[in-house]
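Some notes on the structure that comes next.
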Amino acid sequence: MDLSVVIPVKNEAGNIAPLFEEIRAALEGVIDYEVLFIDDGSKDDTTAEVLALAAAQPRLRLLRHDESYGQSAAIRTGITAASGVWIATLDGDGQNDPADIPDLWRIGCATSPSERVLIAGYREQRQDNWSKRLASRIANATRRRLLGDNTRDTGCGLKLFARSLFLELPYFDHMHRFLPALVLREGGNVLSVRVNHRPRRSGVSKYGVLDRLGVGIIDLLGVMWLQRRATRPHILDERASEGRKAPSCREVSASR
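Next up, the structure:
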């Protein structure tokens, strides 16, 4: 499997079918893909809508939490269960445009999963109210200054990265907001790409401005702590057993 599209959802009834159809339109015949919806304790008809689609769509999978554990937990559940070498994440409210995924995919294909690259969407024209846009602008500026992640929009749900890269990162609640800094901590690279952003189709946002402020400050301090304690040893060589030499990089590449 080339790509797994991981979508955390909570009370997104009405958004499921249109979003899946857009993903199909964008990826069918282009990429060998699957779509995983992770239901994080929905109380509406989200589960029923996904199951109705899955009955006729072999590319669609549903994973359910017994209660709400948060977006980071849902993303981790989906990535752990995913079959794809590459992972694309997007929000379940329909504001991210699946038509942008092939562009991110092509950039990813120009690299190797072993290169530890995170391709992060950047919402240049956000379709949110002024208070959300202002709060996001302040939060992104603060993160860039304190974490040095050089990413304009860490809150955009549309991202692409290797599954193996994510599984190397330290896990904690709300980690999805700090993926660029965590990837850089592992010696990786972060590329920001402009993506489309749309108004919410139906339902209401699960996040407010004030409810993120307190935990955001604590999380920020925690990531700063992780950065200060990161170590990346440089391996000088690999000692092979007697009579057998370790393959060179050129030999490994040729064998592929």
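Residue 646 in the working numbering sits at position 248 of the sequence shown; the count goes up by one each step and never skips. Cβ coordinates follow ideal geometry from the N, Cα and C atoms, glycine included.
Asked, Found
"When we look at the beta-carbon of Cys554 and count the other beta-carbons within 10 Å, is it buried (16 or more) or exposed?", "buried"
"Taking the alpha carbon of Gly482 as the reference point, which residue from Gly468, Pro496, Arg457, Asp501 has its own alpha carbon closest?", "Arg457"
"To the nearest angstrom, how far is the alpha carbon of Gln523 from that of Glu636?", "49 Å"
"Rounded to whole angstroms, what's the CA-CA distance from Asn413 to His574? Just pull it up for me.", "22 Å"
"When burial is assigned at 16 or more other CB atoms within 10 Å of the CB, is Lys441 buried or exposed?", "exposed"
"Quick check on the burial criterion: 16 or more other C-beta atoms within 10 angstroms. Buried or exposed for Thr478?", "exposed"
"Could you round the C-beta distance between Leu488 and Leu577 to whole angstroms and report it? I think they count as a contact, below 8 Å.", "Incorrect: roughly 13 Å between the Cβ atoms, too far for contact."
"What's the call for Ala652, buried or exposed, on a 16-neighbour Cβ count within 10 Å?", "Caution applies to Ala652, whose pLDDT of 41 falls short of 50 and renders its modelled position unreliable; the value that the coordinates give is listed next. So Ala652 counts as exposed."
"Comparing alpha-carbon positions, which option in Arg627, Ser470, Arg583, Asp491 lies nearest Asp571?", "Ser470"
"If you count every other CB in all the chains shown that lies within 10 Å of the CB of Glu513, and 16 or more means buried, which is it?", "exposed"
"Please confirm whether Phe490 and Leu401 have their CB atoms less than 9 Å apart.", "The residue you asked about is not Phe; residue 490 is Gly in the sequence shown. No, Cβ-Cβ distance for Gly490 and Leu401 is not below 9 Å."
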